[in-house]
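Take my numbering: the last position of the sequence shown gets the number 248, and nothing is skipped along the way. Virtual Cβ for every residue (Gly too), placed ideally from N, Cα, C.
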Amino acid sequence: MDPARGKRQLDTLEQRFQLDESFLSSPNTAALKSGVIRAADRRTGDPVVLKYWVKTGTAVDADCRELWRHEMRQSERVRAFPRADEVVVEVTASGESDDAFYIAMPGDVAPLEHAARFVRPDHWLRNLQGARQRALLWKNVRRLGEALGAVHGQGLVHGRIDSRAVYSAGAATKPDFRLGGFEFCLRVAEINKAPLRIIAKSPSGVSHILLFG
36 MDPARGKRQL DTLEQRFQLD ESFLSSPNTA ALKSGVIRAA DRRTGDPVVL KYWVKTGTAV
96 DADCRELWRH EMRQSERVRA FPRADEVVVE VTASGESDDA FYIAMPGDVA PLEHAARFVR
156 PDHWLRNLQG ARQRALLWKN VRRLGEALGA VHGQGLVHGR IDSRAVYSAG AATKPDFRLG
216 GFEFCLRVAE INKAPLRIIA KSPSGVSHIL LFG
């Protein structure tokens with residue numbers, strides 16, 4: 036038997052998705068920082084936004100896999116909270132390829148840091164001196180407050196709130212901010228039960244102290 040025929044073919048992120056040429060947010064493998072990019076599912080042709088973490092090729096990947104599985108369960112719990120589906124980014128798919136862990140989101144959203152750079156000059160984000168624009172801003176802040184309420188309602192604390200964790204479709208006339216998933220990595224109830232040094236040594240403890248970006 037030809038040894039080459041017995042080898043499993045690589046299953047990479049690019050084989051599953053046709054990736055855009057430019058990032059919405061650039062990855063940093065050394066810092067476990069995710070990349071965010073527009074893409075198309077090669078099986079269905081559907082446009083998506085991918086958030087992915089490149090594997091390191093080291094033993095760290097095994098820890099990341101456990102964290103990944105834990106976080107996907109927590110993410111499902113948060114999105115089941117009342118009204119969370121309106122203020123938390125929808126995760127349409129998630130998976131693991133040979134070179135990355137990833138989640139897929141609707142193709143019309145982007146991290147706020149990217150969306151704010153490319154809105155029209157008359158968009159409310161660039162004209163906050165007006166009363167209507169400021170009212171939209173506060174309505175969007177309220178949406179993020181509701182999203183955090185869903186996270187806190189599950190006994191979790193969101194790991195990082197910044198312009199990479201907030202998503203928008205760039206709506207010009209209505210509030211549309213959503214909180215991005217997969218950053219709620221700290222279970223307050225469990226921290227109260229044991230010192231950090233004990234949690235850190237436990238098999239699941241890595242998911243309580245590492246913060247993915």
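Cβ pair count under 8 Å reaching 3, the segment 193 to 202 against the segment 138 to 155: Result yes; three or more Cβ-Cβ pairs closer than 8 Å.
Sequence-distant residues of its chain with Cβ nearer than 6 Å to H158 (five each side left out): The residues are A207.
Proximal residues to D76 (C-beta, below 7 Å), its chain only, five neighbours per side dropped: Correct list, in chain order: F52, V83.
Pairwise C-alpha distance: S203 and P117: One Cα belongs to P117, the other to S203, and the distance between them is close to 21 Å.
Whether K90 touches A119 by CB criterion (8 Å): In this structure, A119 does not lie closer than 8 Å to K90 by Cβ.
Endpoints, alpha helix (DSSP H) assigned at V251: Look at the range of the chain in this structure, 36 to 248, and you will see that residue 251 is not part of it.
Span of the beta strand (DSSP E), counted from its first residue to its last, around W88: Element bounds for W88: 82 to 89.
Start-to-end residues for the beta strand (DSSP E) that takes in Q53: Q53: member of the beta strand (DSSP E) spanning 52 to 60, first to last residue.
Cβ-based burial, E111 [other Cβ within 10 Å; buried from 16]: E111 is exposed by the Cβ-count criterion.
Every unbroken alpha helix (DSSP H) inside the segment 123 to 190 [4 residues or more]: Those alpha helix (DSSP H) runs which fall completely within the segment 123 to 190 and span 4+ residues are 147 to 150, 166 to 188.
Exposure label - G165; buried when at least 16 CB within 10 Å: Under this definition G165 is an exposed residue.
Under 8 Å between C-beta atoms of V186 and V95: Not closer than 8 Å, so no.
Range covered by the alpha helix (DSSP H) that runs through S110: Taken as a continuous stretch (DSSP letters only), the alpha helix (DSSP H) holding S110 covers 95 to 114.
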